[in-house]
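Visitor:
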Amino acid sequence: MNDSTKIDIQNLSDKLIELAQNSCWNDFSNSYSYILSEIINDEKNFFKKRIEREKLNSKKRPLSLKQAREELDKLYLNLYDVNFYVYKATKNKTIIEIQYYLKSSLDKDYYEKVKENEPMLHCKVATPFYLRKKDDKFDINWELLGLRYNWNIFLHRLRNRNRF
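Read in my numbering, the sequence shown has 116 at position 87, and its numbers run on one by one without any break.
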């Protein structure tokens, strides 16, 4: 495998932060660290998955750029889809979660069609459901379920209690 086929984690991280800065009011550090997560298909609902993902991620030790690159390089030929998310952002440190879906997790027929394909790469910013307007800025750390999240959920329920 040559260098041109490897994933440019630094460039994708910079693009992710640019995307997040356009959507969020947080300060972001250019000091990145990484956690890796395999995407697994299961029948759990979105909210349960998010809480479970947070518990797992909080136990992971963040990796340096070099370490993350090495881990992804080991998996490269089996990577189908790679998603970059901001897991946690502070003024001093930004932790980026790299979620990946393996080709070996696909069903046999589809795997045969895509086994030679390069992985798809995406930068995504998860948007909270409680936003009032599409262009409202929000806290990038909302998925960590902190005090601000609970306050926004309370306000959302209060505003929408008579809608149904």
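Each residue gets a CB set at the ideal place from its N, CA and C atoms; glycine is no exception. Small disclaimer: the values here were computed from a predicted structure and weren't measured.
(1) For the structure I just gave you, are there three or more beta carbon pairs, one from the region 135–146 and one from the region 82–102, closer than 8 Å?
(2) Under three-state DSSP, which class holds Y105?
(3) Of the choices N170, I125, L173, K162, whose alpha-carbon is the least far from that of H185?
(4) Which residues in the same chain have their Cβ closer than 7 Å to the Cβ of K122, if we skip the five residues on either side of it in sequence?
(5) Excluding the 5 residues preceding and the 5 following N55 in the sequence, name in chain order all residues of the same chain whose CB lies nearer than 6 Å to its CB.
(6) Consider the C-beta atom of K162 and the heavy atoms of the ligand HEM; say whether any pair is separated by less than 7 Å.
(7) When DSSP labels each residue in this structure, what does Y116 get in the three-state scheme?
(8) Using the rule of at least 16 other Cβ atoms within 10 Å of the residue's Cβ for burial, across every protein chain shown, is I46 buried or exposed?
(9) Tell me the rounded alpha-carbon separation between S220 and V111.
(10) Which of helix, strand or coil does DSSP assign to F158?
(11) Take N181 and list the residues in its own chain whose beta-carbon comes closer than 6 Å to its own, dropping the five residues that flank it on each side.
(12) Any idea if S4 is buried or exposed, counting beta-carbon neighbours within 10 angstroms, 16 or more meaning buried?
(13) Identify, in the order they occur along the chain, each residue of the same chain with its Cβ nearer than 8 Å to the Cβ of K78, setting aside the five sequence neighbours on each side.
Guide: Let me spell this out:
(1) No, the region 135–146 does not touch the region 82–102.
(2) As a position in the sequence shown, residue 105 is number 76, starting the count at 1. Of the three classes helix, strand and coil, the one that applies to Y105 here is helix, per DSSP.
(3) Here residue 185 refers to the residue found at position 156 when the sequence shown is read from its first residue. Taking only the C-alpha atoms, the option nearest H185 is K162.
(4) Counting from one through the sequence shown, the residue named residue 122 turns up at place 93. Closer than 7 Å at Cβ, skipping near neighbours: S58, S60, S62.
(5) For the purposes of this step, residue 55 is taken as the residue at position 26 of the sequence shown. For N55, where only same-chain residues beyond five positions count, the Cβ hits under 6 Å are A118, I169.
(6) The ligand HEM is absent from the structure shown, which contains no ligands of any kind.
(7) Locating residue 116 in the sequence shown gives position 87, where the first residue counts as 1. Strand, per DSSP.
(8) Numbered from its first residue, the sequence shown carries residue 46 at position 17. It is buried - the Cβ of I46 has at least 16 other Cβ atoms within 10 Å.
(9) There is simply no residue 220 to check, as the chain begins at 30 and stops at 193 in what is shown.
(10) The sequence position of residue 158 within the sequence shown is 129, counting from 1. Of the three classes helix, strand and coil, the one that applies to F158 here is coil, per DSSP.
(11) For the purposes of this step, residue 181 is taken as the residue at position 152 of the sequence shown. These residues qualify, in order along the chain: Y159.
(12) What the structure shows of the chain is the stretch from 30 to 193, and residue 4 is not part of that stretch, so it cannot be assessed.
(13) Within the sequence shown, the letter at position 49 stands for residue 78. Contacts found: D71.
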